[in-house]
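Just so you know, we're using numbering that gives the first Met the number 0 here: the sequence shown kicks off at 0 and counts up by one. Data first, discussion second: the structure below is written as structure tokens.
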Amino acid sequence: MTVHYRLAVHDVHAHLYRVTLRVDAVRGVQGFSLPVWIPGSYMVREFSRHLSMLEAWQGTRRLPLTQIDKATWEVRPRQSGPVELRYFVYAFDTSVRAAFLDDRRGFFNGTSLLLRVAGREDEPQQLDIHDLPRDWQVATALRSVRSRTAGAHSYEATDYHELVDHPVELGAFWRGRFEARGVPHEFVVAGALPSFDGERLLADTRAICEAQIDFWHPRRAARARAAASKPPFDRYVFMLNAVDEGYGGLEHRASTALIASRRDLPRRSRPGARWAGGDAYVTLLGLISHEYFHTWNVKRLRPAELAGIDYTRENYTQLLWFFEGFTSYYDDLLLRRAGLIDDKTYLRLVGKTIGGVLATPGRGVQSVAQSSFDAWVKYYRSDENTPNATVSYYTKGALVALALDLTLRSEGHGSLDAVMRELWARSSGGPISEADIAAALERVGRRSFAGDLAAWVHGTGDLPLRGLLERAGLTWKTEPGTLAQRLGLRVTEGALTGVQVKNVLRGSLAEKAGLAAGDELLAAEGWRLRRLDDLQSWMVADHPMQLLVARDQRIVTLRLPMAPMPGDAGGITLAAGEKASAAQQRLQRAWLAA
Ligand SMILES: [Zn+2]
0 MTVHYRLAVH DVHAHLYRVT LRVDAVRGVQ GFSLPVWIPG SYMVREFSRH
50 LSMLEAWQGT RRLPLTQIDK ATWEVRPRQS GPVELRYFVY AFDTSVRAAF
100 LDDRRGFFNG TSLLLRVAGR EDEPQQLDIH DLPRDWQVAT ALRSVRSRTA
150 GAHSYEATDY HELVDHPVEL GAFWRGRFEA RGVPHEFVVA GALPSFDGER
200 LLADTRAICE AQIDFWHPRR AARARAAASK PPFDRYVFML NAVDEGYGGL
250 EHRASTALIA SRRDLPRRSR PGARWAGGDA YVTLLGLISH EYFHTWNVKR
300 LRPAELAGID YTRENYTQLL WFFEGFTSYY DDLLLRRAGL IDDKTYLRLV
350 GKTIGGVLAT PGRGVQSVAQ SSFDAWVKYY RSDENTPNAT VSYYTKGALV
400 ALALDLTLRS EGHGSLDAVM RELWARSSGG PISEADIAAA LERVGRRSFA
450 GDLAAWVHGT GDLPLRGLLE RAGLTWKTEP GTLAQRLGLR VTEGALTGVQ
500 VKNVLRGSLA EKAGLAAGDE LLAAEGWRLR RLDDLQSWMV ADHPMQLLVA
550 RDQRIVTLRL PMAPMPGDAG GITLAAGEKA SAAQQRLQRA WLAA
């Protein structure tokens with residue numbers, strides 16, 4: 000190996016990893032740098048802020064180091080030959096995007112710990128993990144090799160990109176295995192409660208994996224083209240960190256790192272009884288489904304702009320509405336097709352997504368293509384103005400997928416499933432552009448979708464979803480909004496914080512009254528407020544209401560105008576219509592239970 004990393008658990012209480020990087024055959028000035036971002040999470044995170052005590056050595060002689068920028072160093076060896084870098088990384092980030100170490104658990108992404116050797120990225124890289132506390136195990140999708148030193152765990156990667164695309168979990172975790180369509184899968188869970196039902200999690204995850212492998216590689220096609228229609232990985236690892244509060248995931252080429260509340264994991268119930276699950280478990284299965292779908296859609300099919308990753312800066316693309324949005328569309332749909340949720344639950348999730356987008360004034364300000372491009376400074380850096388200025392490429396992107404799928408199906412020419420497989424086949428699971436997506440839609444749908452893409456992806460008008468869903472035989476019902484929704488206000492309520500304004504929506508009554516994010520609502524019409532809903536008790540039609548608000552220590556009096564409030568701001572309920580025709584029922588079956 001010409002690039003070799005020795006990673007040691009240095010001090011669990013100080014949260015320090017110690018890294019020794021040895022590079023063979025260095026000639027002249029050699030650069031090293033740490034990524035500023037991790038692919039899949041579109042924000043500059045400056046991982047080098049946790050790197051310290053960097054030293055360079057050649058044999059027994061210390062070499063001078065020059066720091067070039069926030070994350071780049073240069074070494075000038077005295078003679079050609081191997082160079083060794085030694086440094087420490089502080090790791091106490093509980094998210095899936097960085098690195099963590101304490102006395103119970105370790106976790107890391109290579110982007111946080113492993114300096115990139117400039118010009119040597121495409122050479123094979125070796126990683127040895129040393130000094131693990133007793134009883135700790137290692138889980139990763141990295142290729143394991145026989146260790147050269149006792150007690151070490153050794154891995155190899157073809158290049159730096161592969162090395163840092165395999166997160167590593169360390170600790171005394173729960174571990175289970177299953178096969179899906181012949182491919183070995185592993186699931187590790189750290190931090191679970193004693194009542195955790197691992198077998199249930201494995202069974203449900205396996206159903207998701209099989210539905211997705213069948214989606215991308217239909218078994219009819221598999222017989223015809225055996226090699227081309229196998230999953231693009233030999234082995235897959237789910238690593239879930241169960242915590243008190245937390246939710247999220249990050250996709251990788253053959254694994255995913257997940258974080259979820261331990262209360263939402265399946266629990267063993269009395270013998271003979273089956274744990275009922277619930278909404279939070281469906282959300283967790285949706286997360287598992289989402290990250291697994293990314294194994295095809297974003298890790299292999301990927302934006303042409305991200306065909307080669309630049310670790311030193313933002314990597315812009317307008318296509319996250321496709322890679323995140325379409326993945327969000329299929330994550331829940333494939334739970335339905337895997338038989339893990341019923342039609343009613345699935346339609347409730349779709350209605351929730353539609354209602355969420357309709358409640359966001361920013362949908363009229365930003366298109367999903369712009370939202371994708373600006374992810375680095377907007378979606379990932381949300382603030383009190385986010386709902387007014389931005390639209391989520393996840394949720395609206397999922398609805399663009401829904402609109403395209405229903406359009407294709409109702410016109411009788413294929414489905415979005417066929418479009419996804421067409422893209423996969425044509426690009427051989429590689430980089431694609433928006434033109435490729437348009438071309439695949441045209442081939443499957445037998446007409447141009449340029450106008451639809453211009454309006455839905457690059458425009459800010461609402462999607463024609465109601466018409467499309469009704470045409471598919473579903474009923475659309477707009478629910479009355481809560482008081483907060485009708486006032487255009489998002490608040491947090493707590494015994495200590497009182498009623499605190501989080502967001503004031505553009506053009507709303509709350510905005511007209513002069514309410515601002517951070518305000519604490521104290522009283523209305525001279526009466527103490529404990530909950531926002533208390534306001535209703537003092538509301539009289541056509542009569543402006545006096546509000547007492549605390550803002551930066553001052554007490555401010557505001558007048559809330561009593562203009563008519565929108566009565567239908569509360570979300571969308573979808574249901575299978577009882578009067579659906581036979582053709583509509585066939586469409587629904589093909590869509591929901593394909
Ligand atoms: Zn995603």
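Note that the Cβ used here is the ideal one computed from N, Cα and C, for glycine as well.
Per the C-alpha coordinates, the member of V43, T19 and R445 positioned closest to E313 is V43. For V242, the enclosing beta strand (DSSP E) covers residues Y235 to V242. For T148, the shortest separation between its Cβ and any heavy atom of ligand 1 does not lie below 7 Å. Secondary structure note for H160: it is in no beta strand (DSSP E), and the uninterrupted alpha helix (DSSP H) holding it is Y159 to L162. Where A589 is concerned, the enclosing alpha helix (DSSP H) starts and stops at A581 to L591. According to the DSSP secondary-structure assignment, G497 is paired through a beta bridge with G493. Within the model, the alpha-carbon separation for P563 versus W590 is close to 40 Å. Following the DSSP letters along the chain, one finds R205 in no beta strand (DSSP E) but inside the alpha helix (DSSP H) bounded by residues G197 to W215. Considering only F237, E198, L131 and Y159, the residue with the shortest C-alpha distance to F186 is F237. Secondary structure at M52: strand, using DSSP grouped into helix, strand and coil. Within the segment 455 to 533, complete alpha helix (DSSP H) segments of at least 4 residues are found at 464 to 470, 482 to 486 and 508 to 512, given in chain order. Taking a contact as a CB-CB distance under 8 Å, the pair Y392 and G350 does not count as one, their CB atoms being some 20 Å apart. Counting only residues of its own chain and dropping the five nearest sequence neighbours on each side, S327 has a CB closer than 6 Å to the CB of Y393 and A397. Ligand 1 approaches H293 closely enough that one of its heavy atoms is under 7 Å from the residue's Cβ. E492 is the residue among L192, R266 and E492 whose C-alpha sits nearest the C-alpha of D532.
Comparing alpha-carbon positions, the option among V443, F292 and D127 lying closest to L415 turns out to be V443.
H129: not part of any alpha helix (DSSP H); member of the beta strand (DSSP E) spanning Q124 to H129, first to last residue. Assignment of beta-bridge partners to M42 by DSSP yields no partner. With a cutoff of 8 Å on beta-carbon distance, Y86 and L50 are scored as near each other. Ligand 1 has a heavy atom closer than 7 Å to the beta-carbon of E250.
Put simply, the segment 184 to 203 does not touch the segment 141 to 157. Fewer than three CB pairs are less than 8 Å apart. Inclusion of V503 and L514 in the CB contact set at 8 Å is warranted, their separation being smaller than that value.
Look at N314 here: in three-state DSSP terms it is coil, with no helix or strand label. The criterion of a C-beta distance shorter than 8 Å is not satisfied by V137 and V182. Fewer than three beta-carbon pairs drawn from the segment 93 to 101 and the segment 59 to 71 are found closer than 8 Å, and the two stretches are therefore not classed as touching.
Contact annotation, I571 with W455: C-beta distance approximately 18 Å; criterion of less than 8 Å not satisfied.
Rounded to whole angstroms, the gap between the alpha carbons of K298 and R218 is 22 Å. DSSP, read as helix, strand or coil, puts T65 in strand.
Within the model, the alpha-carbon separation for E250 versus T294 is close to 7 Å.
Of V281, A516, A494 and D196, the smallest CA-CA separation from R269 is found for D196.
Here W375 is near Y41, since their CB atoms are less than 8 Å apart.
Note on V539: under 16 other CB atoms within 10 angstroms of its CB, so exposed under the neighbour-count rule.
Within the DSSP bridge table, the entry for I436 names no partner.
Contact between the segment 334 to 348 and the segment 548 to 565 is not established, with fewer than three Cβ pairs separated by less than 8 Å. Scanning the segment 82 to 144 from its first residue to its last, the whole beta strand (DSSP E) runs of 3-plus residues come out as 98 to 100, 104 to 107, 124 to 129, 136 to 138 and 142 to 144. Out of G472, R104 and V500, the CA that lies nearest to the CA of A582 is found in G472.
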